[in-house]
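A quick write-up on the structure given underneath.
Residue numbers (my numbering), protein chains in the order written: chain A, 7 to 201; chain B, 308 to 463.
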């Protein structure tokens with residue numbers, strides 16, 4: 007009976023120890039999770055892109071239509087050779103605070119080697135328009151059907167959540183046609199979500 | 308704006324000589340021009356960019372269906388900021404944004420290149436040179452070479 011009492015006391019002590027251990031584990035887990043969250047939220051989530059379509063078979067701009075807003079699909083209404091360019095902002099790998107890589111991706115049905123135009127990035131506040139990037143673009147890349155590369159880097163102030171981008175006077179170089187083919191000026195919005 | 312390849316070829320005939328160098332010669336040249344740091348393949352900061360460069364190479368005229376995606380081997384070099392690279396870094400980070408290092412990615416089988424600074428990428432394509440076959444057959448590589456020459460001469 008005495009032995010049974012000792013065992014019961016040991017069980018209570020064991021339970022207390024186990025409970026303490028569990029508490030420590032839970033606290034540790036919470037701290038670790040919040041640290042991971044902080045690490046993840048240090049890099050803003052950038053949503054959206056905008057792009058332009060180039061079609062060497064048509065000289066008029068009316069057929070060179072393209073949508074902005076997350077649209078990376080070719081939208082020209084006729085069949086034949088087409089190329090599409092999409093711009094995105096990228097914040098990974100981590101750059102200096104509020105600095106973003108402007109990346110462009112070209113997809114084409116035929117070989118292309120370059121693009122040129124003018125890229126403007128401004129805030130979406132019409133009452134207080136501020137331009138963050140306004141530069142001519144001239145990019146030559148190895149001849150390909152798909153290419154993604156760094157266009158430049160841009161500083162976006164921390165209080166800005168929406169960026170409007172415009173790619174104007176734009177051209178794509180089509181190897182088979184040996185010429186720069188014009189595209190319609192295209193605009194789109196990019197959202198920067200900061201946590 | 309549009310000048311066909313024959314017109315450009317005629318315009319730059321004095322600068323068009325077969326001078327293409329192979330991968331090893333190209334690396335030697337790069338090591339002479341810059342202080343390079345080889346980036347390990349498993350470097351997390353470059354993983355996504357290496358994959359995108361592989362994809363670009365896969366669909367390029369450099370590969371032309373010769374190599375499968377898994378056979379492509381990308382070597383990445385960071386250009387150390389020193390007196391050799393000073394003139395490039397000065398323009399690359401003209402706005403003092405504390406940008407990441409300039410890097411060059413080279414696919415070792417095909418010679419496909421990518422770089423986060425396009426002005427340098429164009430220079431690298433010129434350094435790599437052009438072959439007699441390219442000049443005689445007006446290939447895509449010749450078009451790119453001529454476009455860059457035209458750009459650097461201030462005419463594009």
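Where is the CB? At the ideal position from N, CA and C, for every residue including glycine.
Owing to the predicted nature of the structure, the values given are computational and were not obtained by experimental measurement.
Of A:176, A:137 and A:173, the smallest CA-CA separation from residue 128 of chain A is found for A:137. Contact with chain A is absent for residue 430 of chain B, since none of that chain's Cβ atoms lies less than 8 Å from the residue's Cβ.
The closest CA to that of residue 98 of chain A, considering only A:91, A:92, A:90 and A:107, is found on A:107. Each residue's CA atom was taken as its position, placing residue 143 of chain A and residue 112 of chain A some 14 Å apart. Contact annotation for residue 97 of chain A against chain B: no contact, minimum CB-CB distance about 12 Å [criterion: below 8 Å].
Counting only the Cα atoms, residue 437 of chain B lies some 14 Å from residue 312 of chain B.
Contact between the segment 429-448 of chain B and the segment 348-356 of chain B is absent: fewer than three C-beta pairs spanning the two stretches fall below 8 Å. For the set A:171, A:16, A:186 and A:187, the Cα lying nearest the Cα of residue 131 of chain A is the one of A:171.
Within the segment 145-167 of chain A, those residues whose Cβ lies closer than 9 Å to any Cβ of chain B are, in chain order, 145, 146, 147, 148, 149, 150, 151, 152, 153, 154, 155, 156, 157, 158, 159, 160 and 161.
Ranked by how close their Cα comes to the Cα of residue 405 of chain B, the residues B:413, B:396 and B:368 have B:396 in first place. Ranked by Cα distance from residue 162 of chain A, the first of B:410, B:380, B:402 and B:338 is B:402.
Per the DSSP secondary-structure output, residue 391 of chain B pairs with nothing in a beta bridge.
A Cβ-Cβ contact shorter than 8 Å links residue 370 of chain B with residue 419 of chain B. Bounds of the beta strand (DSSP E) holding residue 382 of chain B are 381-386. Check the Cα spacing between residue 125 of chain A and each of A:168, A:87 and A:92: the tightest is with A:92. In the structure shown, residue 130 of chain A falls within a coil segment according to DSSP collapsed to helix, strand and coil. Exposure of residue 348 of chain B is indicated by the presence of fewer than 16 other C-beta atoms within 10 angstroms of its C-beta. Under the 8 Å criterion on CB atoms, residue 412 of chain B is classed as non-interfacial with respect to chain A. In the DSSP assignment, residue 187 of chain A falls within the unbroken beta strand (DSSP E) covering 185-188.
The C-alpha of residue 379 of chain B lies about 53 Å from the C-alpha of residue 26 of chain A. Here the alpha carbons of residue 116 of chain A and residue 368 of chain B stand approximately 11 Å from one another. Taken in chain order, the unbroken stretches of beta strand (DSSP E) that lie wholly in the segment 315-376 of chain B and span 3 residues or more are 343-346. Taking 8 Å as the Cβ-Cβ cut-off, the segment 310-331 of chain B approaches chain A at 311 and 312, given in chain order.
With contacts defined by Cβ atoms closer than 8 Å, residue 198 of chain A and residue 166 of chain A form a contacting pair.
Of the candidates A:88, A:16 and A:19, the residue whose Cα lies closest to the Cα of residue 152 of chain A is A:88. For residue 158 of chain A, the beta-bridge partners assigned by DSSP are A:108. Here the alpha carbon of residue 432 of chain B sits roughly 12 Å from the alpha carbon of residue 119 of chain A. Close CB contacts of residue 428 of chain B within its chain, under the 6 Å cut and outside five residues either way in sequence, are with 422 (chain order). Using a Cβ distance threshold of 8 Å, residue 387 of chain B and residue 361 of chain B do not count as a contacting pair.
Rounded to whole angstroms, the separation of the alpha carbons of residue 157 of chain A and residue 168 of chain A is 20 Å. At a C-beta separation below 7 Å, residue 120 of chain A has these neighbours in chain B: 454. Using a CB distance cut-off of 8 Å, residue 444 of chain B does not count as an interface residue toward chain A. Boundaries for residue 95 of chain A: no alpha helix (DSSP H) harbours it, while the beta strand (DSSP E) harbouring it runs 89-96, taken from the DSSP string. For residue 139 of chain A, the closest of A:145, A:105, A:154 and A:146 by C-alpha to C-alpha distance is A:105. Going by beta carbons, residue 426 of chain B and residue 398 of chain B fall inside the 8 Å limit. For residue 414 of chain B, the enclosing beta strand (DSSP E) covers residues 410-414.
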